[in-house]
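From first to last, the protein sequence lines stand for chains G and W.
For the first sequence, position 100 (counting from the first letter as 1) is numbered 1042 according to this note's numbering, and the numbering increases by one without interruption.
For the second sequence, position 95 (counting from the first letter as 1) is numbered 103 according to this note's numbering, and the numbering increases by one without interruption.
Built from N, CA and C at the ideal position, the CB exists for glycine as well.
These notes concern the structure reproduced below.
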Amino acid sequence: DTGVSQDPRHKITKRGQNVTFRCDPISEHNRLYWYRQTLGQGPEFLTYFQNEAQLEKSRLLSDRFSAERPKGSFSTLEIQRTEQGDSAMYLCASSLDAESYTFGSGTRLTVV
Amino acid sequence: AQKVTQAQTEISVVEKEDVTLDCVYETRDTTYYLFWYKQPPSGELVFLIRRNSFDEQNEISGRYSWNFQKSTSSFNFTITASQVVDSAVYFCALSVTSGTYKYIFGTGTRLKVLA
């Protein structure tokens, strides 16, 4: 493994459409995180998985957002009925020892 | 609640100048980690340093140094003899050592190093 991989790197979608992002963590990492970063801000925590269990969700994660990590490997983040306010960089990170993460390069979402 | 404040929104310096980026944090936990990350224009977050709350030793790594002071809840970052390649947004972050270990990031400081 060379790091955390995120796909796609960029996504442009029309308002109201659904989008799904994928994150492939470093293979031995059991912890996986999703963050959202809007322009001019620091990343904000969205959700956390330990293996396949989703253990925490931020209040930022509205009902239109859902995340999964089947079999404790890759993870997907889906946004339904996208809104312009969803435009942001979505960052995935993974860790093994809970002390420091490896971040992916992010998926930049633009809702038009 | 935890909070990280980076009061400097943007700093411009001329190449070879020294520059210090400020970070002030708030937490009631006694055990926590502090981090600095660099975000170049390409967007990825590059890890620079992690500091445990029990270790107040300052650290130097090449042109980078960090000053951790629990008395003032600060974790400042100094770049000596800045270079154009140092131009980026720098984030300070806090993580408590329990539960999810999620990070609380500051709003970042954009550093512009002019040739």
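Take residue i and list the residues in its own chain whose beta-carbon comes closer than 6 Å to its own, dropping the five residues that flank it on each side.
| i | result |
| --- | --- |
| residue 125 of chain W | For residue 125 of chain W there is no data in the structure shown, the boundaries of chain W being 9 and 123. |
| residue 1035 of chain G | 975, 1043 and 1045 |
| residue 949 of chain G | 964 |
Among residues of its own chain, excluding the 5 on either side of residue i, which ones have a beta-carbon nearer than 8 Å to its beta-carbon?
| i | result |
| --- | --- |
| residue 961 of chain G | 953, 955, 1020, 1021, 1024 and 1051 |
| residue 110 of chain W | 103 |
Taking residue i as the query, report the chain W residues whose CB atoms sit under 7 Å from its CB, ordered along the chain.
| i | result |
| --- | --- |
| residue 1008 of chain G | None at all; the shortest Cβ gap to chain W is about 18 Å. |
Measuring CB to CB, does residue i end up less than 8 Å from residue j?
| i | j | result |
| --- | --- | --- |
| residue 1048 of chain G | residue 116 of chain W | no |
| residue 991 of chain G | residue 1017 of chain G | yes |
| residue 980 of chain G | residue 1003 of chain G | no |
| residue 972 of chain G | residue 945 of chain G | no |
Taking Cβ-Cβ distances shorter than 8 Å, what residues in chain G pair up with residue i?
| i | result |
| --- | --- |
| residue 110 of chain W | 975, 987, 990 and 998 |
Interface residues of chain W around residue i at Cβ under 9 Å?
| i | result |
| --- | --- |
| residue 1014 of chain G | Here the premise fails: no neighbours, minimum Cβ distance about 16 Å. |
Bridge partners for residue i per DSSP, in chain order?
| i | result |
| --- | --- |
| residue 978 of chain G | G:986 and G:1032 |
| residue 1013 of chain G | DSSP lists no partner for residue 1013 of chain G. |
| residue 58 of chain W | W:43 |
Looking only at its own chain, which residues have a Cβ that is under 7 Å from the Cβ of residue i, when we skip the five neighbours before and after it?
| i | result |
| --- | --- |
| residue 83 of chain W | 31, 33, 42, 59, 74, 76 and 100 |
| residue 1006 of chain G | 1021, 1022 and 1023 |
| residue 958 of chain G | 1023 and 1024 |
| residue 91 of chain W | 23 and 121 |
Just to confirm the assignment, what range does the beta strand (DSSP E) spanning residue i have?
| i | result |
| --- | --- |
| residue 952 of chain G | 952-955 |
| residue 125 of chain W | Since the first residue of chain W shown is 9 and the last is 123, residue 125 of chain W is not available in this structure. |
| residue 996 of chain G | 995-999 |
Applying a beta-carbon distance threshold of less than 7 Å, which residues of chain G neighbour residue i?
| i | result |
| --- | --- |
| residue 116 of chain W | 984 |
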